[in-house]
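First to last, the protein sequences are chains R and U.
Yeah, the first sequence ends on 1104 if you go by this note's numbering, and it's all consecutive.
Yeah, the second sequence ends on 221 if you go by this note's numbering, and it's all consecutive.
Heads up, the beta-carbon is just placed ideally off N, CA and C, and yes, glycines get one too.
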Amino acid sequence: MSGMLADYARVAGGDVIRQLRLLAEPMRGLSVTHVSSTRRGGGVAEILEKLVPLTSELGLDASWEVIEGTPQFYRCTKLFHNALQGQQSHVQESLIREYERVNAANAERLGAALDAADVVFVHDPQPAALLRHFPRRRGKWIWRCHIDASRPHRPVWTYLRSHVAAYDASVFSLADFAQMLPCPSYLIPPSIDPLSAKNAELTGKQIDECCARFGIDRARPLVVQVSRFDRFKDPVGVVTAFRLAKSFVPGLQLVLAGGGAADDPEGEVVLSDVEAAAGGDPDIHVLLLPDDANDVINALQRAADVVMQKSLKEGFGLTVAEALWKSKPVIGGDTGGIRLQVVDHHTGFLVSTPEGAALRLRHLFHDRRRSAEIGRAGREHVHQNFLITRQLREYLTMMLGLVRGSADRIDLV
Amino acid sequence: MAVDSFAVRDCALVAIATGLRAQSLREFRDALQQAPQESVYFHFWGRLLRPRFDDTEFHNDFAAWARNGLHDEKLSERLAVIDPADFADLEALRAEVLEVVEQRLDEIDVLQARRDRQFHFRRCQTVVFDTGVRLEEPACLVQAIPAMSLGSIYYHAIDARRREPVRLDDFRVWLGRLGGSFGSLSEKLGAVDPYFANLAELRDELVAIVARHFSGEPR
Chain R
692 MSGMLADYAR
702 VAGGDVIRQL
712 RLLAEPMRGL
722 SVTHVSSTRR
732 GGGVAEILEK
742 LVPLTSELGL
752 DASWEVIEGT
762 PQFYRCTKLF
772 HNALQGQQSH
782 VQESLIREYE
792 RVNAANAERL
802 GAALDAADVV
812 FVHDPQPAAL
822 LRHFPRRRGK
832 WIWRCHIDAS
842 RPHRPVWTYL
852 RSHVAAYDAS
862 VFSLADFAQM
872 LPCPSYLIPP
882 SIDPLSAKNA
892 ELTGKQIDEC
902 CARFGIDRAR
912 PLVVQVSRFD
922 RFKDPVGVVT
932 AFRLAKSFVP
942 GLQLVLAGGG
952 AADDPEGEVV
962 LSDVEAAAGG
972 DPDIHVLLLP
982 DDANDVINAL
992 QRAADVVMQK
1002 SLKEGFGLTV
1012 AEALWKSKPV
1022 IGGDTGGIRL
1032 QVVDHHTGFL
1042 VSTPEGAALR
1052 LRHLFHDRRR
1062 SAEIGRAGRE
1072 HVHQNFLITR
1082 QLREYLTMML
1092 GLVRGSADRI
1102 DLV
Chain U
3 MAVDSFAVRD
13 CALVAIATGL
23 RAQSLREFRD
33 ALQQAPQESV
43 YFHFWGRLLR
53 PRFDDTEFHN
63 DFAAWARNGL
73 HDEKLSERLA
83 VIDPADFADL
93 EALRAEVLEV
103 VEQRLDEIDV
113 LQARRDRQFH
123 FRRCQTVVFD
133 TGVRLEEPAC
143 LVQAIPAMSL
153 GSIYYHAIDA
163 RRREPVRLDD
173 FRVWLGRLGG
183 SFGSLSEKLG
193 AVDPYFANLA
203 ELRDELVAIV
213 ARHFSGEPR
């Protein structure tokens, strides 16, 4: 075995990669094209960057196309995104027209490739309107929604539904996030890439250097939350929990690290609230990081004794899987996808209040052996459930299902 | 290939939403009546292919929801004790779950979960495939089981229990075909309760049993 698959075999296990090969074998040569809105930045691009070459190594003919948009188009799709997440968004008719015009232009540009593909994955709302421009398509078209669309703003959903209802299948991350469509809605949670800069192994020296850069004392206990400065991530609640726990955990330090506040007016307000709550405490480190600070996030998570993701509302919250992969016990908010990752009392604790979080912090620092056990269980949980190899296996299973008919059990023996 | 070789197979599944959901126990009963048979399969058997740390004492998703969503210990215990292998088919299994739920509805006025703790009925699509590996004699299990994927473990140790006509795990079926000399190994494998471990642990347990047997250790 060579190439990327060999690298992933070392991390995920040889049995996992052998299984992927067997599953892919009947689809050897099948052309699979992913269409998304950007090549860089964001979770979709991050995962496709690895998923596409891995699919190719398994013998499928995988490719990735990116649509080209205009500022008005992206304004429109940003409104769609917010509306799917439940925000009341009014999308002007002129923006809708631009959305449809851009999709038509991209359909023209990508025409031959998409018409001929056996399977086309269309990611999120931006390219969703491509489908109607391919009446002679020969392949199966799948709309992959990465957004929590559990309670969308109805007028916008009604419009988007008119585009996505005609797909052969849809994919949502959780049953809670799904909207009913005439096609089958597959449920495939997202995953982390264990070999990415955010998750790859680091040396002790690299971790030490990162901590020294931010004035974090490696000899003292450390709790870390990595997330945008957003009220739903409850950073002020984390500061409250830290203060409640600190008198029981001498020397405790807190890092709140996140990005994206600079161009987000709401984020700036939350950041200043957090700084006010921290009140100049030298043991609370509020770090505003650039979007590409993956190695710093990796080092901070690895330096932590406990990781928190005390969200009040969460989409999937893959920072939890990242921390679990690093064998850290996680204290997470009892919401959304965190519940799949933090198995209460096994891979961490689910909490609903700062008081609950403080209690669990004290517990984990008091019982270091238990904390280590939970950390080990967390890594295994991610190993089995949240690595990119599992997501690829489910994509392959779904594709086999779609190209071989819709039976519930497909016997290739 | 010898007539009595063991063909190692593998399987993978992917979940699909049915659109049916329930927040109260009454809604759950109504939705369960309408749910496709494959949904009953998914919430009992398919659950076992999803690696888990949680709720190993609750062997099906219904029991886990009764505890975590409805916070009703009585109902969750009654549902958890249902062994899907005891039922001739999925309809009989569904009828048993409905019976337990009806009984609880007779005993209690309202059981309601939080809005974000609704039960979502799902089904799954399963693909079964051949690994090409053939085991010529039982001693080969010592090397073969550790190399099996969790999908293979599920297919041979768990899924096999719902396959007619024998409804036993494939390892014991094979040993049975080979005759009397493997009776004690078969007995030891029969003592494994596959519902209390996740698949990785189940694989370890099977490995330990066959390794001990072929090394001549007494247990």
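Would you say residue i and residue j are within 8 Å of each other, going by their C-beta atoms?
i: Gly958 (chain R); j: Phe923 (chain R); result: no
i: Val927 (chain R); j: Asp964 (chain R); result: yes
i: Leu979 (chain R); j: Gly950 (chain R); result: yes
i: Leu1087 (chain R); j: Leu742 (chain R); result: no
i: Ile838 (chain R); j: Asp867 (chain R); result: no
i: Ile883 (chain R); j: Ala994 (chain R); result: no
i: His824 (chain R); j: Ala795 (chain R); result: yes
i: Phe89 (chain U); j: Glu101 (chain U); result: no
i: Lys1017 (chain R); j: Gln1000 (chain R); result: no
i: Ser864 (chain R); j: Phe1007 (chain R); result: yes
At the level of alpha carbons, what is the spacing between residue i and residue j?
i: Asp752 (chain R); j: Val811 (chain R); result: 12 Å
i: Ser78 (chain U); j: Leu1093 (chain R); result: 36 Å
i: Asp1035 (chain R); j: Thr128 (chain U); result: 29 Å
i: Val673 (chain R); j: Ala888 (chain R); result: No statement about residue 673 (chain R) is possible, as the shown extent of chain R runs from 692 to 1104 and does not include it.
i: Leu661 (chain R); j: Val917 (chain R); result: No answer is possible for residue 661 (chain R): it lies beyond the span of chain R, which begins at 692 and ends at 1104.
i: Val726 (chain R); j: Arg852 (chain R); result: 18 Å
i: Arg934 (chain R); j: Asp12 (chain U); result: 51 Å
i: Leu51 (chain U); j: Ile1101 (chain R); result: 16 Å
i: Gln86 (chain U); j: Leu95 (chain U); result: The sequence as given places Pro at residue 86 (chain U); Gln does not occur at that position. In a straight line, the C-alpha of Pro86 (chain U) is about 6 Å away from that of Leu95 (chain U).
i: Leu805 (chain R); j: Thr724 (chain R); result: 7 Å
i: Arg136 (chain U); j: Ala149 (chain U); result: 13 Å
i: Ala68 (chain U); j: Leu81 (chain U); result: 8 Å
i: Arg730 (chain R); j: Gln1032 (chain R); result: 28 Å
i: Arg205 (chain U); j: Asp111 (chain U); result: 44 Å
i: Asp954 (chain R); j: Pro981 (chain R); result: With a pLDDT of only 47 at Asp954 (chain R), under the threshold of 50, the placement of this residue in the model should not be trusted; the figure read from the coordinates follows. About 11 Å.
i: Gly218 (chain U); j: Ala807 (chain R); result: 60 Å
i: Arg23 (chain U); j: Arg164 (chain U); result: 26 Å
Mapping the DSSP letters down to three states, classify residue i as helix, strand or coil.
i: Met871 (chain R); result: coil
i: Thr20 (chain U); result: strand
i: Met150 (chain U); result: coil
i: Cys901 (chain R); result: helix
i: Phe939 (chain R); result: coil
i: Ser26 (chain U); result: strand
i: Arg712 (chain R); result: helix
i: Ile1101 (chain R); result: strand
i: Gly1023 (chain R); result: strand
i: Val194 (chain U); result: coil
i: Tyr765 (chain R); result: helix
i: Arg1059 (chain R); result: helix
i: Val1141 (chain R); result: As displayed, chain R neither begins before 692 nor continues past 1104, which places residue 1141 (chain R) out of reach and without an answer.
i: Ser861 (chain R); result: strand
i: Gly1047 (chain R); result: helix
i: Lys889 (chain R); result: coil
i: Gln778 (chain R); result: coil
i: Arg125 (chain U); result: strand
Just checking: is the beta-carbon of residue i within a distance shorter than 8 Å of some beta-carbon in chain R?
i: His122 (chain U); result: yes
i: Ile147 (chain U); result: no
i: Ala66 (chain U); result: no
i: Phe131 (chain U); result: yes
i: Ser41 (chain U); result: no
i: Arg69 (chain U); result: no
i: Asp118 (chain U); result: yes
i: Ser78 (chain U); result: no
i: Gln127 (chain U); result: yes
Does any residue of chain U have a CB that is nearer than 8 Å to the CB of residue i?
i: Ala866 (chain R); result: yes
i: Leu945 (chain R); result: no
i: Tyr877 (chain R); result: yes
i: Ile1101 (chain R); result: yes
i: Ala857 (chain R); result: no
i: Ala869 (chain R); result: yes
i: Thr1044 (chain R); result: no
Just to confirm, does residue i get its C-beta within under 7 Å of one of the non-hydrogen atoms of the ligand ADP?
i: Ala1068 (chain R); result: As far as ligands go, the structure on display features none, and thus does not contain the ligand ADP.
* In the segment 1065-1096 of chain R, which residues sit with their C-beta less than 7 Å from some C-beta in chain U, listed in chain order? -> Ala1068, His1072, Gln1075, Asn1076, Arg1084, Glu1085, Thr1088, Met1089, Leu1091, Gly1092
* Short-range partners of chain U found in the segment 780-808 of chain R, where Cβ spacing is below 8 Å -> none
* Asked: Between the segment 11-36 of chain U and chain R, which residues of the former have a C-beta closer than 7 Å to a C-beta of the latter?
  -> Residues Arg11, Asp12, Ala14, Leu15, Val16, Ala17, Ile18, Ala19, Gly21.
* To do: Give the residues from the segment 703-715 of chain R that approach chain C closer than 8 Å (Cβ to any Cβ), ordered along the chain.
  => The chain labelled as chain C is not found among the protein chains of the depicted structure, namely R and U.
* Taking a Cβ distance cut-off of 9 Å, strictly less, list which residues of the segment 196-213 of chain U are near chain R, in chain order. => So the list reads Asn200, Leu201, Ala202, given in the order they occur along the chain.
* To do: Taking a Cβ distance cut-off of 9 Å, strictly less, list which residues of the segment 149-160 of chain U are near chain R, in chain order.
  => Ala149, Met150, Ser151, Leu152, Gly153, Ser154
* To do: Mind checking the segment 920-933 of chain R against chain U and listing, in chain order, the residues whose C-beta falls within less than 8 Å of any C-beta there?
  => So the list is empty, because no residue satisfies the distance condition.
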